[in-house]
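First residue of the sequence shown? That's 218 in my numbering, and the numbers climb one at a time after it. No residue lacks a Cβ here, since even glycine has one placed at the ideal position from N, Cα and C. Predicted model only: the values in this text are computed from it and were never measured. First the structure, in the form of structure tokens, and then the observations on it.
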Amino acid sequence: MTTETAAKKRFKPYQLSIAFGVGIGTFTLISGIVPQLTGWENTSLIHREVFGGIPTAFKVAFYTVIPMMLIWGSLRFADRVRNWERGAPDRRKTTPKNVKRRLADYRSGVYMRTLLRDSAAGLMHSMIYFGFLVLLGVTTVLEIDHQMPEALKFLHGDVYRGYALVGDVAGVVFTVGVVWAILRRYVQRPYRIRIKTKPEHALILGVLLAIGITGFGAEMFRIAQGQAAGVNLDHEKWSVVGYPLAQLVNGASASTLTTW
Numbered sequence: 218m219t220t221e222t223a224a225k226k227r228f229k230p231y232q233l234s235i236a237f238g239v240g241i242g243t244f245t246l247i248s249g250i251v252p253q254l255t256g257w258e259n260t261s262l263i264h265r266e267v268f269g270g271i272p273t274a275f276k277v278a279f280y281t282v283i284p285m286m287l288i289w290g291s292l293r294f295a296d297r298v299r300n301w302e303r304g305a306p307d308r309r310k311t312t313p314k315n316v317k318r319r320l321a322d323y324r325s326g327v328y329m330r331t332l333l334r335d336s337a338a339g340l341m342h343s344m345i346y347f348g349f350l351v352l353l354g355v356t357t358v359l360e361i362d363h364q365m366p367e368a369l370k371f372l373h374g375d376v377y378r379g380y381a382l383v384g385d386v387a388g389v390v391f392t393v394g395v396v397w398a399i400l401r402r403y404v405q406r407p408y409r410i411r412i413k414t415k416p417e418h419a420l421i422l423g424v425l426l427a428i429g430i431t432g433f434g435a436e437m438f439r440i441a442q443g444q445a446a447g448v449n450l451d452h453e454k455w456s457v458v459g460y461p462l463a464q465l466v467n468g469a470s471a472s473t474l475t476t477w
């Protein structure tokens, strides 16, 4: 086999993006089907019901749309990777001589060191970036626990209390970071940001803000609904934002809480 033939058969980076997106999308789709077949539920009094109060139609829509979006996103990212591949090849092989530098470069990229040169912009982006990553982890952990048989479920008791605390703190960090970004771009308007602002930036920031606000809103009404039904939810006090907010609507009717 010639070198040229071997290069053609080699798994390319853009194909890795597609495979990853298809894999995650397929896993998400299956994760919506498996619990319906197994019926595994967490019987602990201190836990969180997955999709509690959510109509079946919305569940079907979630497990249909999200996999499609994941696959679509991987295809679009693959297009960008293919554009990058048009450039001259780079010597990216990791060797004992360059491993330290390669790890430092990776760490610099993950921690967004270029943005951190500006303390305000760096802190703002870090709040959004790391806040979102933790929220993604929180959602993933909940879904993993949801797939587990009863004997292997772990998201209950003190583990759940810590989970609720981490989720709420991450939500606050993320939402404050997004609000800061909106104020910085549309109120403070530094010159280097003002000349680069595009209409779609407002849409992106609006969607991110909606994620943060609706997350706390859903938690607020979920807790208030449980309290209205007479369920002991003292463990939800570890939801340091959602629980106080729930007390603001605690007197609302059951139908109102269910609707929201």
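Between the beta-carbon of residue i and the beta-carbon of residue j, is there less than 8 Å?
i    : j    : result
V298 : Y377 : no
L254 : Y280 : no
S291 : S248 : no
F433 : G468 : no
V251 : Q364 : yes
A463 : A435 : no
T311 : R319 : yes
M437 : V457 : no
R409 : G269 : no
Y380 : V355 : yes
I399 : L420 : no
G242 : I288 : yes
Ordered along the chain, which non-local residues of its own chain (more than five positions away) have a Cβ less than 7 Å from that of residue i?
i    : result
G429 : G388, F391, T392, V395
H373 : N259, S261, I263, H264
E360 : S248
F244 : none
G423 : none
Quick one: grab the DSSP three-state call for residue i.
i    : result
M344 : helix
L287 : helix
E360 : helix
T312 : coil
G270 : coil
N300 : helix
I241 : helix
E367 : helix
D322 : helix
L262 : coil
S234 : helix
D375 : helix
K229 : coil
D385 : helix
G354 : helix
G339 : helix
G249 : helix
Beta-carbon within less than 8 Å of residue i's beta-carbon, same chain only, minus the 5 sequence neighbours each way: which residues are those?
i    : result
W397 : M341, M344
F237 : S291
A446 : A471
P366 : T255, W257
Quick check: the Cα distance between residue i and residue j, rounded to an integer number of angstroms?
i    : j    : result
R402 : D385 : 26 Å
P272 : F294 : 33 Å
T473 : Q444 : 13 Å
T475 : L369 : 31 Å
S336 : D451 : 40 Å
M218 : F228 : Confidence at M218 is low in this model, with a pLDDT of 48, below 50, so its placement is unreliable and the value that follows should be read with caution. Approximately 16 Å, taken between the alpha carbons.
P407 : Y346 : 21 Å
P461 : K317 : 48 Å
F275 : V282 : 10 Å
E453 : V358 : 18 Å
G256 : T414 : 49 Å
E417 : N449 : 44 Å
D362 : R303 : 43 Å
Are any of the Cβ atoms in chain C nearer than 8 Å to that of residue i?
i    : result
G270 : The structure shown contains no chain C; it is built from a single protein chain.
Below 6 Å CB to CB, which residues in the same chain sit around residue i once its five sequence neighbours on both sides are set aside?
i    : result
L382 : W455
message: Quick check on the DSSP output: what are the complete alpha helix (DSSP H) runs of length 4 or more inside the stretch 392-472, in order along the chain?
response: 408-411, 416-445, 459-465
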